[in-house]
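Presented below is the structure to which this report refers.
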Amino acid sequence: GQQLNQNPQSMFIQEGEDVSMNCTSSSIFNTWLWYKQDPGEGPVLLIALYKAGELTSNGRLTAQFGITRKDSFLNISASIPSDVGIYFCAGQRAGGTSYGKLTFGQGTILTVHP
Amino acid sequence: GAVVSQHPSRVICKSGTSVKIECRSLDFQATTMFWYRQFPKQSLMLMATSNEGSKATYEQGVEKDKFLINHASLTLSTLTVTSAHPEDSSFYICSASPDVKGTDTQYFGPGTRLTVL
Chain A
77 GQQLNQNPQS MFIQEGEDVS MNCTSSSIFN TWLWYKQDPG EGPVLLIALY
127 KAGELTSNGR LTAQFGITRK DSFLNISASI PSDVGIYFCA GQRAGGTSYG
177 KLTFGQGTIL TVHP
Chain B
1078 GAVVSQHPSR VICKSGTSVK IECRSLDFQA TTMFWYRQFP KQSLMLMATS
1128 NEGSKATYEQ GVEKDKFLIN HASLTLSTLT VTSAHPEDSS FYICSASPDV
1178 KGTDTQYFGP GTRLTVL
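Chains as they are written, first to last, in the working numbering: chain A, 77 to 190; chain B, 1078 to 1194.
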């Protein structure tokens, strides 16, 4: 099935550094979502974006819905060790046969060194 | 946020046996539930969408006779892996949505680790 192009695939950073990751798609989505998954667990929703151009924050996390509706980015400021995990973007459409279904990016593995 | 549980959290079975995985929405009615499969170091891939009281819709390439889905109530969906083989070993994750189209927020379960020997 289709996957979103998520970059980077992995990041190794020092505690306190900022992190940025993005997702791009060849097609339009109506909703962009960012999830974090810890090992052996299900994904947990971090931020949901519903309008093109929308910029939303959740604590140290900030995400934006691209103007073209084909991309989104997630920033994490002042990283801490518990930010370690896999971050996934997901796009959702509101029409056609894909109605409601989520398409996930490949994930970004984040490692934070104390 | 809403809570979704899965049972069992991990299961080991012999090749050729069938395994049932339950997905429950604990504090809301889930009109739509989704089943995903995730192989190690890979992303989540949607297997099927189920609506309460109707047949599940399977994604291309997913065998409906092998992965039986039953969404018998508004709080429970089950995935049965029939005649499991080692290549079916994976992390199976469900999500639940209160919306009939699943466009409302999807809440994910903690996943079930299936190992087929």
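For every residue, glycine included, the Cβ atom is placed at its ideal position computed from N, Cα and C.
Interface flag, residue 1119/B vs chain A, CB-CB below 9 Å: Within the second sequence, numbered from 1, the residue matching residue 1119/B stands at position 42. Cβ-Cβ to chain A under 9 Å: yes for residue 1119/B.
C-alpha gap between residue 121/A and residue 165/A, whole angstroms: Your numbering for residue 121/A matches position 45 in the first sequence. Your numbering for residue 165/A matches position 89 in the first sequence. Taking the straight line joining both Cα atoms gives about 10 Å.
Neighbouring residues, chain B, relative to residue 127/A (Cβ below 8 Å): As a working mapping, residue 127/A is identified with position 51 in the first sequence. Neighbours of residue 127/A across chain B, judged by C-beta separation under 8 Å, do not exist; the nearest C-beta is about 15 Å away.
CA nearest to the CA of residue 133/A, picked from 185/A, 119/A, 152/A: Here residue 133/A refers to the residue found at position 57 of the first sequence. Nearest C-alpha to residue 133/A: 152/A.
Coil, strand or helix - residue 93/A by DSSP: One-based indexing of the first sequence puts residue 93/A at position 17. If DSSP states are grouped into helix, strand and coil, residue 93/A belongs with coil.
C-beta atoms of residue 1110/B and residue 1148/B nearer than 9 Å: Along the second sequence, read from residue 1 onward, the residue named residue 1110/B stands at position 33. Along the second sequence, read from residue 1 onward, the residue named residue 1148/B stands at position 71. Residue 1148/B is positioned such that its CB atom lies closer than 9 Å to that of residue 1110/B.
First through last residue of the beta strand (DSSP E) which encompasses residue 111/A: Here residue 111/A refers to the residue found at position 35 of the first sequence. Per DSSP, the continuous beta strand (DSSP E) segment holding residue 111/A begins and ends at 107-113.
Limits of the beta strand (DSSP E) - the one that residue 1152/B falls within: Taking the first residue of the second sequence as position 1, residue 1152/B is located at position 75. Where residue 1152/B is concerned, there is no enclosing beta strand (DSSP E), given that its DSSP letter is neither H nor E.
Residue burial classification, residue 1080/B (beta-carbon count within 10 angstroms, cutoff 16): Counting from 1 along the second sequence, the entry for residue 1080/B is found at position 3. When all chains shown are included, residue 1080/B counts as exposed.
Contacts around residue 1174/B, its chain only, beta-carbon distance under 8 Å, and the 5 residues preceding and following it disregarded: The count along the second sequence starts at 1 and reaches residue 1174/B at position 97. Result list for residue 1174/B: 1107, 1108, 1109, 1110, 1111, 1180, 1181, 1182, 1183, 1184, in chain order.
C-beta atoms of residue 176/A and residue 80/A nearer than 9 Å: Taking the first residue of the first sequence as position 1, residue 176/A is located at position 100. Taking the first residue of the first sequence as position 1, residue 80/A is located at position 4. With contacts defined as CB atoms closer than 9 Å, residue 176/A and residue 80/A fail to qualify as a contacting pair.
Under 9 Å (Cβ pairs) to chain B, residues found in the region 107-131 of chain A: Of all residues in the region 107-131 of chain A, only 107, 109, 111, 113, 116, 117, 118, 119, 120, 121, 124 place a beta-carbon less than 9 Å from a beta-carbon of chain B.
Run of the beta strand (DSSP E) containing residue 133/A, from where it starts to where it stops: Sequence index remark: in the first sequence, residue 133/A carries index 57 (1-based). According to the DSSP assignment, residue 133/A belongs to the beta strand (DSSP E) that extends over 131-134.
Between the CA atoms of residue 1163/B and residue 1132/B - distance to the nearest angstrom: As a position in the second sequence, residue 1132/B is number 55, starting the count at 1. As a position in the second sequence, residue 1163/B is number 86, starting the count at 1. Spanning the two alpha carbons is a distance of roughly 27 Å.
Inter-residue CB distance, residue 113/A and residue 181/A (contact presumed, cutoff 8 Å): As a working mapping, residue 113/A is identified with position 37 in the first sequence. As a working mapping, residue 181/A is identified with position 105 in the first sequence. The Cβ separation is near 12 Å, so there is no contact.
Chain A residues whose Cβ lies nearer than 7 Å to that of residue 1183/B: The residue you call residue 1183/B lines up with position 106 of the second sequence. The contacting residues are 178.
Expected contact under 8 Å - CB spacing of residue 159/A and residue 99/A to nearest Å: Translated into positions along the first sequence, residue 159/A becomes position 83. Translated into positions along the first sequence, residue 99/A becomes position 23. Not a contact, Cβ separation roughly 18 Å.
Residues that residue 167/A contacts on chain B, provided the C-beta gap is smaller than 9 Å: By 1-based counting over the first sequence, the position of residue 167/A is 91. By Cβ distance, chain B contributes nothing, its closest Cβ being about 12 Å from residue 167/A, past 9 Å.
Residue range of the unbroken beta strand (DSSP E) whose run includes residue 147/A: Along the first sequence, one-based indexing puts residue 147/A at 71. Here the beta strand (DSSP E) through residue 147/A covers 147-152.
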